Ligand SMILES: [Zn+2]
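In our numbering, the protein residues as written are 1 to 440.
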């Protein structure tokens with residue numbers, strides 16, 4: 001089994017050890033064999049050495065909700081009038097874009113997004129995919145891109161009735177087929193993707209529930225991202241979104257309820273009682289002007305709340321900074337969310353991923369997955385366990401990621417990608433985007 005020794009850096013273990021100055025991590029195969037001082041670990045046998053001088057050695061970052069398919073929309077011009085609300089954003093941008101995605105677009109947009117992840121130090125993503133006129137095999141193309149880039153993650157296809165019954169059935173079929181196909185894979189998992197309650201009938205949701213019965217996977221669905229989702233549910237079904245999802249058996253330990261902005265206390269209780277995962281996406285929420293999740297209340301209730309980007313970007317560090325700011329401003333209190341944001345990003349995101357992967361993640365400790373990043377950061381002030389978060393917000397989050405390792409495989413070293421040929425991917429994606437924008 002190939003061994004990598006990373007040494008002479010500052011190890012941030014995110015476990016009870018805390019911080020090891022002049023520390024080292026020994027990787028054996030896909031997991032961590034030892035963590036300790038450089039002096040102690042230099043005597044170990046290894047095949048490959050990484051000098052982490054002037055760098056932090058820390059666990060890779062996890063993005064608990066994203067959309068790789070959005071990558072080719074960067075810089076696109078809308079042909080309609082600018083959208084003025086959330087539903088118009090969907091109708092005039094995303095539901096027009098996803099309809100013209102081809103198989104090739106799906107593959108290359110995934111590669112563009114994954115390249116950005118590696119460069120940002122994001123080692124695991126939970127993706128939510130849509131391409132209604134290129135559904136069959138779309139998750140295989142995403143998986144091919146994931147395997148080529150080398151990231152860990154979960155994939156799903158978002159079932160929706162918005163493009164008619166046939167497309168909804170194709171989406172169900174794609175989720176089931178893919179989930180069965182990747183059983184036992186080392187780095188990939190599947191979810192059962194659902195767009196959002198307001199584009200799914202009871203009948204379709206019942207079919208999804210039935211189709212997922214033997215798969216042992218959770219659902220991945222947008223929940224109350226905008227008030228429109230609640231209004232629709234109350235008007236048509238006489239119940240709130242989370243009440244409806246509970247009635248239809250969609251919630252649970254492995255289900256991801258994304259956003260959960262416009263939910264009330266009762267819905268929070270349901271999330272808690274069903275042990276459903278919620279995911280906060282601050283930059284996307286601000287960009288779409290839909291509001292923001294009641295993070296403090298969700299924490300008070302004891303809900304497993306993670307942090308994602310919703311496709312806004314690849315950097316979890318950017319989401320951390322945004323989350324740190326937005327709750328201070330909406331609560332008019334500068335001390336707000338000082339504990340909740342690090343808990344979401346550094347503790348809950350790993351706990352969420354551990355619900356799907358049978359490995360320890362998010363810590364640098366013996367036996368953990370070897371998902372590790374090296375960040376160029378020489379602390380200008382004392383760096384301790386108790387002030388680490390201050391360093392993250394005001395320094396580390398903006399520092400350069402030098403090396404990214406997933407499952408013991410080096411995906412970037414000295415800022416150079418080792419798996420993806422970034423230049424050729426970007427040349428190809430630019431050509432594809434030009435054609436996509438013409439069809440849009
Ligand atoms: Zn989303």
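Note that beta-carbon positions come from the ideal geometry of N, C-alpha and C, so glycine has one too.
All values reported here derive from a predicted model rather than from experimental measurement.
The beta carbons of residue 4 and residue 11 sit no closer together than 9 Å.
Distance between residue 247 and residue 24, taken at the CA atoms: about 50 Å.
If the five residues before and after residue 239 are omitted, its C-beta is found closer than 8 Å to the C-beta atoms of 233 and 247, all from its own chain and listed in chain order. With a cutoff of 8 Å, residue 288 does not count as near ligand 1, since its C-beta is closer than that to no heavy atom of the ligand. Exclusion of the five residues before and after residue 168 leaves 159, 161 and 204 as the residues of its chain whose Cβ lies within less than 6 Å of its Cβ. Within its own chain, the residues whose Cβ lies closer than 7 Å to the Cβ of residue 132, once the five positions on either side in sequence are excluded, are 98, 99, 163 and 167, listed in chain order.
Distance from the CA of residue 303 to the CA of residue 275, rounded to the nearest whole angstrom, comes to 7 Å. 9 Å or more divides the Cβ of residue 408 from the Cβ of residue 348. Look at residue 321 here: in three-state DSSP terms it is helix.
If you check the CB distance, residue 13 and residue 61 do not come in under 9 Å. Residue pairing by DSSP places residue 11 opposite 20 and 57 in a beta bridge.
Ranked by Cα distance from residue 17, the options 412, 427, 406 and 384 are led by 384. Looking at the backbone, the Cα of residue 377 and that of residue 413 are separated by about 16 Å. Under DSSP, residue 4 forms a beta bridge with 27 and 48. Taking the Cβ of residue 63 as the reference point, every heavy atom of ligand 1 lies at 8 Å or farther away.
Within the same chain, 72, 104, 105 and 108 come within 7 Å of residue 432 by CB-CB distance, once the 5 residues on both sides are set aside. DSSP assignment within the segment 220-275 yields the following whole beta strand (DSSP E) runs of 3 residues or more, N-terminal first: 256-259. A distance below 9 Å separates the beta carbons of residue 32 and residue 365.
For residue 287, same chain residues with a beta-carbon under 8 Å away, outside a window of 5 residues either side, are 312 in chain order. In the three-state reduction of the DSSP assignment, residue 413 falls in the strand class, which pools E and B.
In terms of Cβ geometry, residue 174 and residue 218 do not form a close pair [threshold 9 Å]. Each residue's CA atom was taken as its position, placing residue 381 and residue 425 some 40 Å apart. Secondary structure remark: continuous beta strand (DSSP E) runs of at least 3 residues inside the segment 62-101: none found. Counting along the chain, residue 385 sits inside no beta strand (DSSP E), nor does DSSP assign it H or E at all. Taking a cut-off of 8 Å on C-beta distances, the segment 80-90 does not touch the segment 39-58, as fewer than three cross pairs fall below it.
One Cα belongs to residue 363, the other to residue 420, and the distance between them is close to 26 Å.
Counted as a single uninterrupted DSSP element, the alpha helix (DSSP H) harbouring residue 353 occupies residues 349-354. Secondary structure at residue 433: helix, using DSSP grouped into helix, strand and coil. Closest in alpha carbon position to residue 182, among 329, 371, 142 and 292, is 142. For residue 262 and residue 299, the gap between their C-alpha atoms comes out near 16 Å.
With respect to the C-alpha of residue 139, the residue from 150, 155 and 149 having the closest C-alpha is 155.
Residue 266 is classed as exposed because its beta carbon has fewer than 16 other beta carbons within 10 Å across all chains shown.
Per DSSP, reduced to three states, the secondary structure at residue 189 is strand. About 20 Å separates the Cβ atoms of residue 188 and residue 221, ruling out a contact at the 8 Å cut-off.
Nearest to residue 68 by alpha-carbon distance, out of 41, 400 and 157, is 157.
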